[in-house]
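Input: a single structure, listed below in structure tokens.
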Amino acid sequence: MKRTMATQWRAGRGSLRWAGRALLGIFLLGGDLLAADVTLRQGLNGYTGTTDAWVDESGHGRNYGGSVQLDIRYDMNDGGFNEDHALLRFNLPSLTSGGVSAATLNLYYEYAGSMQNDNATGIRPWRVNAGKSWFENVYDGTDENQGVNWEYYDQYQVNTWTNQAGGWDDRTDDGNGTNKIKDDDGTPPDAVAPLNWVSFNVQPSVSQWNGGAANNGFLLYSSSFQGGGTAVYGRFTSRNSSDAAHRPTLAITYQNAHINWSGASSGAWDTTTDNWSVGGYLGRFGTGDSPTFADGPSNRTITVTGGGVTVGAMTVNSSADYAFSGGAINGPGGLSKTGSGTLALNAANGYSGITTVGSGRLSVSANNALGTAAAGTTVSSGAQLELSGGVAYSTAEALTLSGGGISNTGALYSSGGTSSWAGNVTLDGSAYIGVASGAGLTVTGAFDGGNLYKVGGGTLTLGGSSGNTYGGGTYVDSGTLVLAKSSGDAVHNSPLQIGTGSGAVTVRLDASNQIADAATVTVNSGSQLNLNGYNETIGALTLSNATVATGGGTLTLGGDVTSSSTSAISGGALDLYGFERTFTVTETLTVSASVTGGTSDLIKAGGGTLILTGDNSYAGETEVSAGAVRLGHSNALGSTAGGTVVSSGARLEMQAGAIPIEVGDEALILNGGGGGGGALCSLSGTDNRWAGDITLATHSTVGVDGGTLTLTGVLGGGGGMGKVGAGTLRLEGDASNTYAGATDVQLGTLVLANTAGNAVPGNLDIGNGDPGTTENVWLAGDEQVDDSATVTLQSDGWLYLDEFSETVGGIAGEGSVHLGTGGVLTVNGVADSVFDGRMAGKAGALHKQGPAVLTLTSPASDYAGGTWVGAGTLVAGNAAALGIGTVTVGGGRLIVAAGVTLGNDVVFSSGTVGGNGAFGAPLEIPAGGTAAPGDSIGLLTAEAGLGFGDGAVYEWEFDDGGADLLAVAGQLRMADSPATVIRTIRLGGSSLPPELTLFTFDELSGAGPDDRLGWTVTGALAGYQAQVAGDGRSIFLIPGGIIPEPATLALLALLAAFRPRRRG
């Protein structure tokens, strides 16, 4: 026979195939592939599921399962069509599909036997009946005892074909197609010549198997004959042939198949590339198929080619990452994302089903990447929808979120750039939205559902024109939340919680009325509610080391305020809304916004401090029931109409800056001592003033920590008055005060300056017995104290008459009396007054013995017996004031006034030395002794050296402009011990003075240059340390842990050298 290569072109799947060299598969004329396509051939892509056998009618008992050929014969002289035939079976894919739309069996025609030119014989595949599962075996006619043959179909030749007729009676006609074969130069036009593929439509039988029928393969018989002669046959390549390219082939097209990505060839997703596992066998995607992308494939960066693909539904279930780009993924179904990996959709898609993110991350970087908006997107708890690269997702895709996403970074997460989302969002339970640091996300759709959590360091903006209606709370755990609805609420319900206490978080308004009026707001540590100049109404407000910044806007309170740690409300206005509002403060809350609200009462509760620094206008009563209210503005208490009540243990404080606080005609009721600091307390201010009448309901204290507080109203009531604090209280009324109790000056200075009547209506007690403090009473006019009163001066109390006259019932104690240059103290018959020392003053001579304060300013003092200050305070206002004797200080306070050099020998065992003058004799500060330069801030000079003993105390005062200094001419003898205490006191201001020098000296004993001293620093600069300068001529304070460079020490030493120093 002729073995010339036939050349034939066949059309299939919209392309032309070389029929003599390549597998033909399914032929669909025109258009693209409509479903999944799989080609099965032994050895192709690893397929091993083909079995076949030639059944020889002449060798009934022989098995030809291992033959390399399949013969199909027609013989009219013998069995006719029931002659030599072929058995052929393919293991089929196992998959879910909508059915088999096409199936083609292709046999390679090798040889024409006994054919004339006009011959053609038909061949047809039948389906082998159920129950006839035949066994191929491996023989080629060499064994008669095993495998399928004409008589038997099983391995061990026990089970026979019906009638032992080779399967002729064990076949079913499903209506499969036929084809004809001819000789090399045969003339029948509809027949196939040798060396070509012969194709058969076997879709009916394959559909039966796909539907569940037993797959026992095909029986291929001759089915027709034409032309001369009586017997012909055709020989076909079997699956055992070494010619792998021409082995029997079955090409199947599945409709709407569920197939799996293999990526065997590339990352291209189209309808022409064998990149798919179709039931376990390599195949192609077809329109309408439902693909699954799982773990395993190496090509996971996928390009959808051409005009896109159409799917039934799509599933990505992988712990590895997949990325899709190129054309669109279309179709009526949805997309299901599961597995821990990331699925990136980088192009717009057109599928219309729901997108479900069950686990892992779905990342989109293009609008419509989630298909049409018809069915929306759902993100399950633990999964994440990521908006990548600043995508503007302008399609109104409905989105349902649940849970915290991956590692609580957000069920919806913006990873970079500024992204946007236009669709509505449903919060299923509690849902997190995360925005990476430096990134932004704007959601213009409306929220409904449960709780919203904002996480990540970036900015989430709730915008759009439709109000949110979700019924849960809003929790901003990190970053910034911007509220920018053009209508309706951005935050619809309680609570709005800003921050968790572990980082700075901001909620900012970009429009007014963003928060539901009744919503409670909590701002935690380091975080802020920023009205940004807009107006907002809320319910209760809770602050914890947090701020509310209103800008130029107004925050209207629909509830009370609770504050812990250090918090603030600043900016425009805080409206109390016409109702009583309670501010419960446990530490410090500063309200610099203007407090308004008509007749609203303001109640201060809690042990902390409420600081009001705004120009307030509310007209209700202010009640300080606990803790403190601190005034930083003259109108801090609003209108004077309502008055102020301070309960026992509570405080009303005044803290002025450069401008004094001058409260108008505000009635004030005081109870108690304010916890020690004064029920009314001026913390700072050079001349704070209170013009209203004050009722002392019980014994009440007024404190002045710094500067001066002047009271010009009438002080009445059944209680007494105590003065505390190191500052000055000035009584300057134009009528007698009438309170029934005593007046005690426990700390600081009381100035009596009434223009008419007595400033002090009863007994006057000065001092508290603490040698570390100072209590003063100054007269600024004649007869300020009731004539029958007893004046008692403790060891730390001073009574300054200055140039005025005063009559009292008696004087006692261990304090000091300063007569000035012309003052006269008259003791009116209650008890003898004994002072240990001399009083200053030219107008009278009072001998002070006992525990009183003795102030000497007279230049005529010349006694030689010495001066003893056993308690209280001794003030030397002149160089000769103490005579020529030795001054012994044994527990009181010795003050040398400015410009005075005290030449007396001084024996110092305990107490305090200070002032702005100088000691001309050697001076020793012993253990427990205190050196306090200046009267307030000043310079104290030791002209003949100074000993600073182990356990001595240096009281060092400072403010913004300067600080105390001890200047030692000669040697400073010191003990480097933690028992030595530097007590630092801030007298005003908020910053440090230009220099922090404690001592200057010519020579130092007890430490060397650059030494850091072990002294203990307490008070305002607690934690600082004392350091000897590099030149060994000064000692200064440095913050704890700081080690100055040598050059710094030298500079400090140089500065110290230029300080003014007194010389004898």
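Heads up: the sequence shown is residues 74 to 1137, going by the numbering used here.
Every residue gets a Cβ at the ideal spot worked out from N, C-alpha and C, and that includes glycine.
Note that the structure is predicted; figures quoted are calculated from it, not measured.
Check your understanding: Which same chain residues, not among the five before or five after residue 454, have their C-beta less than 7 Å away from its C-beta?
Key -> 475, 476
Here's the rule I'm using: 16 or more other beta-carbon atoms within 10 Å means buried, otherwise exposed. How should residue 618 be labelled? buried
_residue 210 and residue 221 closer than 8 Å at C-beta_ = yes
With burial defined as no fewer than 16 other Cβ atoms inside 10 Å of the residue's Cβ, what is the status of residue 89: buried or exposed? Here the model assigns residue 89 a pLDDT of 25, short of 50, so the residue's position is not dependable, and the following value carries that caveat. That one is exposed.
request  = Note down, in chain order, each residue of its chain lying with its Cβ closer than 6 Å to the Cβ of residue 542, except the 5 sequence neighbours on either side.
outcome  = 521, 565
Q) Can you name the start and end residues of the beta strand (DSSP E) that residue 761 belongs to? A) 761 to 763
State the start and end residues of the unbroken beta strand (DSSP E) segment that holds residue 857.
Unbroken run through residue 857: none, as it is neither H nor E.
Whole-angstrom C-beta distance between residue 328 and residue 174, which should lie under 8 Å:
4 Å
Grab me the residues of residue 697's own chain with a C-beta within less than 6 Å of its C-beta, minus the 5 sequence neighbours each way, in chain order. 677, 719, 723, 725
- Task: Identify every residue that forms a DSSP beta bridge with residue 1044.
- Result: 1076
message = Using a 10 Å radius around the Cβ and a threshold of 16 neighbouring Cβ atoms, would you call residue 369 buried or exposed?
response = exposed
Consult DSSP for residue 364 and reduce its assignment to one of helix, strand or coil. strand
Per the DSSP calculation, residue 581 is bridged to which residue(s)? 555, 603
Taking the beta carbon of residue 791 as the centre, do at least 16 other beta carbons fall within 10 Å, making it buried, or is it exposed? exposed
Go ahead and label residue 149 buried or exposed: buried means 16 or more other beta carbons lie within 10 angstroms of its beta carbon, across all protein chains shown. exposed
Measure the CB-CB distance between residue 364 and residue 325 and report whether it falls below 8 Å. no
- Message: Applying the 10 Å Cβ sphere with the 16-neighbour rule, what's the burial state of residue 776?
- Response: buried
request  = Quick one: measure Cβ to Cβ for residue 486 and residue 504, integer angstroms, because I've assumed they're closer than 8 Å.
outcome  = Not quite, the Cβ-Cβ distance comes to about 12 Å (not below 8 Å), so this is no contact.
Quickly, what does DSSP pair residue 796 with across the bridge? List them, please.
775, 818
- prompt: Can you tell me the Cα-Cα spacing of residue 349 and residue 112, whole angstroms?
  reply: 11 Å
Item to complete: Pull up the DSSP beta-bridge partners for residue 724, would you.
Response: 701
Helix or strand or just coil, what does DSSP make of residue 1058? strand
Whole-Å CB distance - residue 1143 paired with residue 464, under 8 Å assumed:
As displayed, the chain neither begins before 74 nor continues past 1137, which places residue 1143 out of reach and without an answer.
Among 712, 803, 854, 855, whose alpha-carbon lies nearest the alpha-carbon of residue 754? 803
Assigned secondary structure, residue 133 (DSSP; H/G/I helix, E/B strand, else coil)
coil
message: Does residue 785 come out as helix, strand or coil in the three-state DSSP assignment?
response: coil
Cβ-Cβ distance between residue 673 and residue 612 below 8 Å:
no
Does DSSP classify residue 334 as helix, strand or coil?
-> strand
key: Neighbourhood of residue 976 by C-beta, 6 Å cutoff - its chain only, sequence neighbours within 5 removed   = 993
* Could you check how far apart the C-beta atoms of residue 770 and residue 810 are, in whole angstroms? I think they sit under 8 Å. => Contact flag wrong, Cβ pair sits at about 15 Å.
(request) Answer with buried or exposed for residue 502, where buried requires no fewer than 16 other C-beta atoms within 10 angstroms of its C-beta. (result) exposed
Note to self: Alpha carbons only, please: which of 693, 728, 1113 is nearest the one belonging to residue 714?
What the structure shows: 693
key: Candidates 507, 403, 1096: closest to residue 532 by CA position   = 507
- Query: Can you tell which of 198, 163, 535, 126 has its C-alpha closest to the C-alpha of residue 228?
  - Reply: 126
Backbone secondary structure at residue 988 - three-state DSSP: strand
- Between residue 433 and residue 413, which are expected to be in contact by the criterion C-beta below 8 Å, what is the C-beta distance as a whole number of angstroms? 5 Å
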